[in-house]
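Notes follow the structure.
Residue numbers (the numbering used here): 3 to 125.
Pasting the structure below:
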């Protein structure tokens with residue numbers, strides 16, 4: 003084994019660690035939504051790609067997937083009076099200390115982890 007081999011192994015391990023997807027399972031509350039009396043809203047990321055909306059009456063998240071830092075959400079929306087499927091794709095900018103920042107179309111959305119949040123199935 004040459005001297006370069008251990009460095010190559012360390013470099014490969016570092017690249018794999020940097021490229022791995024963050025753990026986002028649990029309930030996340032959207033920080034843009036107002037405090038009570040209005041209801042907090044957010045997304046629940048469950049096992050095996052299952053998702054649910056937290057207190058969103060016209061939007062129901064059903065599935066999620068995370069590949070590297072690309073988060074895909076799928077569900078149904080009835081905000082304009084008719085029910086239709088939707089897919090949203092976000093870039094996960096950061097997940098740390100109970101906070102998550104997503105980005106879509108140059109706009110950032112911040113969430114706070116709250117596993118005590120109850121979610122109700124919408125639609």
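Note that CB positions come from ideal geometry on N, CA and C, so glycine has one too. Predicted model, so just to flag it, every value in this text is computed and none were measured.
- With 16 or more other Cβ atoms from the protein chains shown falling within 10 Å of its own Cβ, residue 62 counts as buried.
- The beta carbon of residue 89 sits closer than 8 Å to the beta carbons of 74, 75, 76 from its chain, once the five residues preceding and following it are set aside; these are given in chain order.
- When DSSP reads this structure, residue 81 sits in no beta bridge, so it has no partner.
- By the 16-neighbour rule on beta-carbons within 10 angstroms, residue 85 is exposed.
- Sequence-distant partners of residue 103 (beyond 5 residues in either direction) whose C-beta falls short of 6 Å from its own C-beta, in its chain, are 95, 96, 110, 112.
- With 16 or more other Cβ atoms from the protein chains shown falling within 10 Å of its own Cβ, residue 58 counts as buried.
- Rounded to whole angstroms, the separation of the alpha carbons of residue 115 and residue 80 is 26 Å.
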